[in-house]
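Let me begin by presenting the structure, written as structure tokens, before commenting on it.
Protein chains in written order, with the working numbering: chain A, 250 to 578; chain B, 51 to 398.
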């Protein structure tokens, strides 16, 4: 290296700064404390690797949860003869679950052209493999279910065929509902069963949060699309109520340094803002009859908290003290 | 004169100049006895030189892959000199790309940590402790006129030690990455190592968060073969041809030892005993057999606690969290269905 290279210059600057101030601020600089650095672990470096996932994954969690639970609402709606509601719900399930979700998942892959390798094996001990199969099964139920439902609703075929379509639609929608509940909740298992401390310490809570937020999002979007019925309002209350309880649980169930990413930093704020928006605020707005505002608050809150959980993983995974603290539990 | 010199060094420094007879030291980890002793140089009770009498397993051809023998790395920081030859050999043999020229300022370690483009990583620890019975000297400048006792007393006040350890993928008995991989790209080989098949990996990144040791990582753009997950292959290609992994092959002090796993474990235990007798009281093996990882195939001897090396003291395989998480997921699924049906039943 030449003496005039930027690194050498920087080194000289550091020496000067250390001489003057006694302390040098910045990454990888340990002048003040002498030759023995006082950082946790090995020079404060991460013990586990933080997630490499980018913005596609929280969006996928959001749309996947919404799609899955839309199919559940569609099942309820078709059983109790709300045909219009069932059709809208199946449209949401198909677009969000069978189009948006796979696209987002494929975009997040390091090698998107090899996405079909996801279906090479079936591994029940890998939440990612289970998720790929759940998403596939959901798509395989939701899209035919929607087609059968629409053909049936428009009375395109006569007599017996129409009756058959009706039965087929019922079976496919029921299947979509079963795989849909798993699609909405498995994402909590996906990040709960990892080596990231703030995630695995909350592995019981995460599926409840993701599943319930999915149900609330589906109900909220349907309400915003004009289906203002009491049943959806009840589901809105249910989801916001559960989310409020989860917010309290999260604030009480602290694990010190192990999950401080949830309570500190920017990631902590994302979680808090998200939980307040889809918990207490949505509940209060709905209580005062401001249903559209409550629905918007819930949707934004659910999306923000998904980003929050990924951010928490990034902060917690880069924190060696969190890993050491979590292993004492 | 030469005999006298040899005698002097042997008695004072524990060095030995007589060549070991290979036939006498068939068992690993045991100092070889010399035939026809009793000439006054026989000292079984005294300390022997590091590594002395241990038959090298690093330089010979083997057939472990064909014979399905579990192999391992035993990495011993007490003989590591921090030359980073293992890092270089690994990069060269496996054609791992250059991932940036950075100055970290962490002692002499500018490699950082294990990752997609770093499969061997020599750690440089600077600790305020004595290293066995060694006299390290104080950290400050020493008066050249002072004698050795001054050094010793200064060291007692201001102890210091430098430890080098070459870190690598642990090749866990129960591997988190292998369990997590949804494509079946990560497999276990005949020799018990964990291998990523690059042509199958689609870069989902789930192994990255599932490794309790933070070893495997996704290679970022714009490096060659970007997008896939990479880690140490245990030089599976070399092993198939009966060769020793590149890092072990080049290690000049055999701080990295390659061999049969059972032999290495025995050798590691012997080495810890030997070091503790020599005053290295905090020497221990890092091989978490009692956790759900159930032991690692690339295990380490460490001085002091594992946290200082960035090694988790109790690593757990993340699949143990599946049961409670899935229970919660199923409960939520059922609760959501019931809530929806109730909503339509009562509010229609």
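Note that beta-carbon positions come from the ideal geometry of N, C-alpha and C, so glycine has one too.
Under DSSP, the beta-bridge partners assigned to residue 156 (chain B) are B:159. The stretch 229-281 of chain B is shown to contain whole alpha helix (DSSP H) runs of 4 or more residues at 256-260, in chain order. At least one CB atom of chain B sits nearer than 8 Å to the CB of residue 291 (chain A).
DSSP, read as helix, strand or coil, puts residue 216 (chain B) in strand.
Inter-segment contact for the stretch 400-412 of chain A and the stretch 526-534 of chain A is absent: fewer than three beta-carbon pairs are separated by less than 8 Å. Between the alpha carbons of residue 260 (chain A) and residue 373 (chain A) lies a distance of about 52 Å.
Taken through DSSP and simplified to helix, strand or coil, residue 435 (chain A) comes out as helix.
At the C-beta level, residue 291 (chain A) and residue 380 (chain A) stay beyond 8 Å of one another.
For the stretch 298-325 of chain A, residues whose beta-carbon sits nearer than 7 Å to a beta-carbon of chain B comprise 298, 300, 301, 302, 318, 321, 322, 325. In this structure, DSSP gives residue 310 (chain B) an extended state, which the three-state scheme calls strand. With respect to residue 213 (chain B), residue 177 (chain B) sits close: the two C-beta atoms are nearer than 8 Å. Residue pairing by DSSP places residue 222 (chain B) opposite B:346 in a beta bridge. Non-local beta-carbon contacts of residue 242 (chain B) in its own chain, meaning distances under 6 Å to residues more than five positions away in sequence, involve 120, 347 in chain order.
When secondary structure is reduced to three states using DSSP, residue 533 (chain A) falls in the helix class. Contact annotation, residue 461 (chain A) with residue 382 (chain B): C-beta distance approximately 7 Å; criterion of less than 8 Å satisfied. Closer than 8 Å at the C-beta level to chain A, one finds these residues of the stretch 215-246 of chain B: 226, 229, 230, 231, 232, 233, 234, 235.
Neighbours of residue 260 (chain B) in chain A, taken as residues at a C-beta separation under 7 Å, are given in chain order as 443, 444. Shortest Cα-Cα distance from residue 133 (chain B) to any of B:179, B:324, B:356, B:161 involves B:161. For residue 289 (chain B), the enclosing alpha helix (DSSP H) covers residues 286-290.
Between residue 328 (chain A) and residue 394 (chain B) the beta-carbon gap is near 7 Å, inside 8 Å, which marks them as a contact. Contact with chain B is found for residue 457 (chain A), since one of that chain's Cβ atoms lies less than 8 Å from the residue's Cβ. With a 10 Å radius around the Cβ and a threshold of 16 neighbouring Cβ atoms, residue 337 (chain B) comes out buried.
At least one beta carbon of chain B lies nearer than 8 Å to the beta carbon of residue 372 (chain A). Taken through DSSP and simplified to helix, strand or coil, residue 122 (chain B) comes out as strand.
Your pair residue 317 (chain A) and residue 387 (chain A) checks out as a contact, with CB atoms roughly 7 Å apart and the cut at 8 Å. Under DSSP, residue 333 (chain B) takes part in a beta bridge, and its partners are B:353. When C-beta distances to chain A are compared with 9 Å, the residues of the stretch 274-301 of chain B below that value are 276, 277, 278, 279, in chain order. Between residue 134 (chain B) and chain A, the shortest Cβ-Cβ separation is not below 8 Å. Using beta-carbon distances, residue 330 (chain B) does not count as an interface residue toward chain A, since no partner is under 8 Å. Note: residue 472 (chain A) is not bridge-paired with any residue in the DSSP secondary-structure output.
Residue-level contact by beta carbon holds for residue 430 (chain A) and chain B, with a gap shorter than 8 Å. Residue 362 (chain B) and residue 261 (chain B) have their C-alpha atoms some 11 Å from each other. Per the C-alpha coordinates, the member of B:250, B:256, B:325 positioned closest to residue 362 (chain A) is B:250. Within the model, the alpha-carbon separation for residue 454 (chain A) versus residue 311 (chain A) is close to 17 Å.
Residue 357 (chain A) and residue 306 (chain A) do touch by the CB rule: their CB atoms are close to 6 Å apart, below 8 Å. Chain A places no beta carbon closer than 8 Å to that of residue 345 (chain B), leaving this residue out of the contacts.
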